[in-house]
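Working notes for the structure below.
There are 2 protein chains.
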Amino acid sequence: MLEDKSPQRTSLGQLGEFQLIEHLTKHFQINQPSTQFGIGDDAAVLDFGTQKTVISTDLLIEGVHFDLAYMPLKHLGYKAVAVNVSDICAMNATPTQITVSIAVSNRFPLEALEELYAGITLASKTFKVDVVGGDTTSSQKGLILSITAIGTAKEEDIVYRNGAKPNDLIVVTGDIGSAYMGLQVLEREKQVFLVNPNNQPDLEPYTYLVERQLKPEARTDIKELLEKLEVKPTSMIDISDGLSSELLHICKASNVGCDLYEEKLPVDPQFISTCEEFNIDGTTLAINGGEDYELLFTINLEDFDKIKGNPNFTVIGHIIPKENGCHLVTRAHTKIPLKARGWNALEE
Amino acid sequence: MLEDKSPQRTSLGQLGEFQLIEHLTKHFQINQPSTQFGIGDDAAVLDFGTQKTVISTDLLIEGVHFDLAYMPLKHLGYKAVAVNVSDICAMNATPTQITVSIAVSNRFPLEALEELYAGITLASKTFKVDVVGGDTTSSQKGLILSITAIGTAKEEDIVYRNGAKPNDLIVVTGDIGSAYMGLQVLEREKQVFLVNPNNQPDLEPYTYLVERQLKPEARTDIKELLEKLEVKPTSMIDISDGLSSELLHICKASNVGCDLYEEKLPVDPQFISTCEEFNIDGTTLAINGGEDYELLFTINLEDFDKIKGNPNFTVIGHIIPKENGCHLVTRAHTKIPLKARGWNALEE
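Residue numbers (full-length UniProt numbering), protein chains in the order written: chain U, 1 to 348; chain B, 1 to 348.
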C-alpha cells in the first residue's frame, strides 16, 4: 500500500516540459465521437451537435485531499478522474471528455508520474471519457492535480439541485459511509507504520472499505438505469462531502425541508462491523463521512413503484415544506436537526 | 506595487467553504447566451447549438508562475484569465466561459481573495467570458490557480498548429519581448526592495514593459479583424513560452521549416532602450522571452496584400521545406539554428 520505492528513477529535470507531456499522454486514446481534436494544440475541439455541454472542475492538493503515504499514485489518478466524472453524472449527463493538469515538485521521478497516468488512463477507459488536454508544470511542494470533466445531455434530461418538491422521495444509490471508514482504517495503519515500519498491515478484513476510499467508482450507470425505468429525478447531487451536507444543498437550492430516516440508511456489513471495532457511531459516519461518490436524488412519489425493490436504490426519506426544517429521524423516532459536518476544506 | 498590507483581515477559517464560494462568486454576471446554467450545481450547462466547443486549461503555482512580491493579486487574477482566453483565441475561436479553481493557505485573508476575484471579474468583463464554475479549497503552501477556458467556433474557422505550408508567411500580432523585459525590471526592483525596504521604486520609464508583464491582454480582437480582411491563417499559436519556441511548435506540427528575420521583429521603443540600459541583447529576448500573449500565425502568400500595412500585423519570416531547417536570419545575413529556449517549467 505504501509509496513505490522502485529503484528505477528518471529525474524530471532530464526531460523538457514538452517531452514529458508527450511521454505521459501518448497512451491516451480517442474513443468519443464528440472528440474532434484532443491533445496537441492550444485547445481541444469538441463537437456536441445540438446536445448541451456540461462542465465541472476540481483541484486536488497533496496533504489536503490525499496523503501519498497510503494513497498509491495509480489509485490517486483513478480517483481524481472518478470524482470529476461523478459531478457530470450528478447532472444526469453522460461524461465524454476530461482535461488533466498536474504540478509536481522535483522529488517525483518520471516513474511516479507514469503510475499516476496509468491510473488516469484506466479510469478514462472505465468511465469512457477521452483525455483531451491539460497542463504539466512544476510545483514548489508536493503534487497538485486539477481535472475538468465535460459531458453532454439532452436539455430535457438534465437534472439540477433545485427541483425537489414536498412529498418527493429521497433516494440514494449503493451504500454510504464506507469510503470514510476506509480512510479511518488507512489512517490507523499509517500510525502503526510510523511506530514500527516492519509491521505489515493486515487490511484483509477491510478490503471493501479500503477499496471504496482508494478506488471509488463514479455512477456512470445510473443515467441509463433511470432512463430504462422511465424515472427522471426532480433533483440530484453526488455525495462527495457527506450525505447530510449534500442533502442540505438540495434542500437549500430547492427551498424545501426534509426528513431523513436513520433506519433506512444503506450501509455495508463490513462498515457496521468496523464501526463496532473502532467504537464509532455508524449513523454519524454514514451521514457525515464523504467521498462515497454515490448519487443522491429526489423523485416524484408516483415513481416509487418503478424503483421499489431495485438493489441499486434505497429510499431514505422524503421532502417536506421548508418551514418544517431538515431533520434526521432516529430509530427512537426523535428528530435531530441535520447539520453539514462534512469535510470542510478551509477549517483549521 | 507590493502586496497589500491592508489592516482589515478576515480569516478564511471564520467562513466555511460554501460561504466563501458564495461570497467570492456573487459578483460574476452571466452575459453569454450559451451559458444556460453557471455556478451553483455539480456542473455548468452550456449550449453551443451546432458550433464546435473549444477547451483549454492552465495551472498556475505561486513561486513557479508568479511571485506575489511584485504581482498584485488583482493583476494575477486578470492575467490568469487572459492567459487561458489567449489559448482559445489561438484556435481562432471566440472565448465564452471560464471555470476558476483556487487553493490557498491560511496565510491569505479574505480581503486578499477578494482582490484576486476583482481581477478575475475585470478580465471576464474585458474578454466577455462568463465564470461558470470552479473549486475553492485550501493548500498547505501558497496560492494555486487553475483556470479552464471554453470557446466556440464554426468548424471551418478553427485554425490548428499543423496547417503551415512552404511559402506561407509568418505573421505576429503586436510587439514581442516587452513582457519578459517587464519581469526583469520587476525582479531588479524586488532586489532593491530587499536591500532597502524604504526605497520607493521609480517604474515610470518602464510603464509599458511592466504593464505587459502584469496585465497582458488576450488578442480577442484578432479573429474578427482577420474575418473582415478575409484572411484565414493556415496555422496559429499564442506566444506564451517565447516566439522561438512557439514557431518551432508550428513547424514540428506542420512538418515544415522556417526562416525568421531578425530585422523584422516588432519591438517597442521602451523595450529597446531598456535592453540597452540592462545591457542585454534585444533579439535574444524578443525571440525567447515569453508571456506576450500575442498571436503567431502563418498565412498563404496570396493573402499578403490583405494584411500589408495593417499596424496589428508584422510579417517576420516565411515557411520553407522541412529539410531546410528552422533558422534565425540575422541582420548580417547569417543563419543561426532556432532553439526553444523559452521558459521550461521543469528545469532546475
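Quick reminder that beta carbons are idealized off the backbone N, C-alpha and C, glycines included.
Check the DSSP bridge columns for residue i and list the partner residues they point to.
{"i": "U/Gly257", "result": "U/Ile320"}
{"i": "U/Gly151", "result": "U/Val54, U/Pro95"}
{"i": "U/Glu62", "result": "U/Phe66"}
{"i": "U/Ala337", "result": "Looking at the sequence provided, one finds Pro at residue 337 of chain U rather than Ala. DSSP lists U/His327 as partners of U/Pro337."}
{"i": "U/Phe313", "result": "U/Thr173"}
{"i": "B/Asp238", "result": "B/Leu295"}
{"i": "U/Gly134", "result": "U/Val100"}
{"i": "B/Ile144", "result": "B/Ile61, B/Ala103"}
{"i": "U/Thr35", "result": "U/Leu46"}
So residue i packs on residue j, CB below 8 Å; how close in whole Å?
{"i": "U/Asn31", "j": "U/Asp168", "result": "With a Cβ gap of about 36 Å, U/Asn31 and U/Asp168 do not count as contacting."}
{"i": "U/Ala82", "j": "U/Ala218", "result": "5 Å"}
{"i": "U/Val172", "j": "U/Ile316", "result": "5 Å"}
{"i": "U/Thr94", "j": "U/Gly151", "result": "5 Å"}
{"i": "U/Gly134", "j": "U/Glu62", "result": "Rounded, the Cβ-Cβ distance is 18 Å, inconsistent with contact."}
{"i": "B/Arg107", "j": "B/Ala253", "result": "That belief does not hold up - the Cβ atoms of B/Arg107 and B/Ala253 are roughly 42 Å apart, past 8 Å."}
{"i": "U/Ile307", "j": "U/Val231", "result": "6 Å"}
{"i": "B/Pro216", "j": "B/Asp292", "result": "7 Å"}
{"i": "U/Ile320", "j": "U/Cys258", "result": "6 Å"}
{"i": "B/Thr314", "j": "B/Lys264", "result": "6 Å"}
{"i": "U/Leu338", "j": "U/Leu248", "result": "6 Å"}
{"i": "U/Thr50", "j": "U/Phe127", "result": "Actually they are not in contact, since the Cβ atoms of U/Thr50 and U/Phe127 sit about 24 Å apart, beyond 8 Å."}
{"i": "B/Arg188", "j": "B/Glu262", "result": "Contact doesn't hold; Cβ gap of about 26 Å is too wide."}
{"i": "U/Thr234", "j": "U/Lys322", "result": "The Cβ separation is near 15 Å, so there is no contact."}
Would you decide whether residue i is buried or exposed? Buried here means 16 or more other CB atoms lie within 10 Å of its CB.
{"i": "U/Asp281", "result": "exposed"}
{"i": "U/Asn92", "result": "buried"}
{"i": "B/Leu285", "result": "buried"}
{"i": "U/Leu73", "result": "buried"}
{"i": "B/Asp202", "result": "exposed"}
{"i": "B/Asn255", "result": "exposed"}
{"i": "U/Asn84", "result": "buried"}
{"i": "U/Ser11", "result": "exposed"}
{"i": "B/Gln97", "result": "buried"}
{"i": "B/Leu194", "result": "exposed"}
{"i": "B/Gly13", "result": "exposed"}
{"i": "B/Lys52", "result": "buried"}
{"i": "U/Val131", "result": "buried"}
{"i": "B/Ile336", "result": "exposed"}
{"i": "B/Lys154", "result": "exposed"}
{"i": "U/Gln19", "result": "exposed"}
{"i": "B/Asp305", "result": "exposed"}
Kindly list the residues whose CB is nearer than 7 Å to the CB of residue i, restricted to its own chain and excluding five residues on each side of it in sequence; keep chain order.
{"i": "residue 362 of chain B", "result": "For chain B, the structure presents residues 1 to 348; residue 362 of chain B sits outside this window and is missing."}
{"i": "U/Leu113", "result": "Leu24, Val104"}
{"i": "U/Val210", "result": "Gly182, Val185, Leu186, Leu203"}
{"i": "B/Asn344", "result": "Low confidence applies here, because B/Asn344 scores a pLDDT of 46, under 50, leaving its location unreliable and the question unanswered by this model."}
{"i": "B/Asp87", "result": "Ser56, Ala149, Asp238"}
What does a CB cutoff of less than 6 Å around residue i pick up in its chain, not counting 5 residues either side in sequence?
{"i": "U/Asp47", "result": "Ser34, Gln36"}
{"i": "B/Leu214", "result": "His75"}
{"i": "B/Ile287", "result": "Leu243, Ser244"}
{"i": "B/Leu2", "result": "Its pLDDT being 41, under 50, B/Leu2 is placed unreliably by the model, and the measurement read from it follows with that caveat. Nothing meets the Cβ criterion."}
{"i": "B/Leu296", "result": "Val172, Ile237, Ile239, Glu246"}
{"i": "U/Thr148", "result": "Thr57, Thr99"}
{"i": "B/Lys223", "result": "Asn92"}
{"i": "U/Ala118", "result": "Lys74"}
{"i": "U/Asn312", "result": "Thr173"}
{"i": "B/Ala69", "result": "Lys190"}
{"i": "B/Gln140", "result": "none"}
{"i": "U/Leu145", "result": "Leu60, Ala80, Ile102"}
Kindly list the residues whose CB is nearer than 8 Å to the CB of residue i, restricted to its own chain and excluding five residues on each side of it in sequence; keep chain order.
{"i": "B/Ile272", "result": "Gly282"}
{"i": "B/Val54", "result": "Ile88, Met91, Ala93, Ile150, Gly151, Thr152, Ala153, Ile158"}
Can you name the start and end residues of the beta strand (DSSP E) that residue i belongs to?
{"i": "B/Leu46", "result": "44-46"}
{"i": "U/Thr10", "result": "Looking at the DSSP string, U/Thr10 is not in any beta strand (DSSP E), and its letter there is neither H nor E."}
Alpha helix (DSSP H) containing residue i: first to last residue?
{"i": "B/Phe304", "result": "304-307"}
{"i": "U/Phe271", "result": "269-278"}
{"i": "U/Thr284", "result": "282-288"}
{"i": "B/Glu111", "result": "110-126"}
{"i": "B/Gln184", "result": "178-195"}
{"i": "B/His27", "result": "Taken as a continuous stretch (DSSP letters only), B/His27 belongs to no alpha helix (DSSP H), as it is neither H nor E."}
{"i": "B/Gln213", "result": "207-214"}
{"i": "U/Val83", "result": "73-89"}
{"i": "U/Lys228", "result": "222-228"}
When you measure from the CB of residue i to every non-hydrogen atom of the ligand SAH, does any distance come out below 7 Å?
{"i": "U/Pro205", "result": "Of the ligands one can find in the structure shown there are none, so the ligand SAH has no counterpart to examine."}
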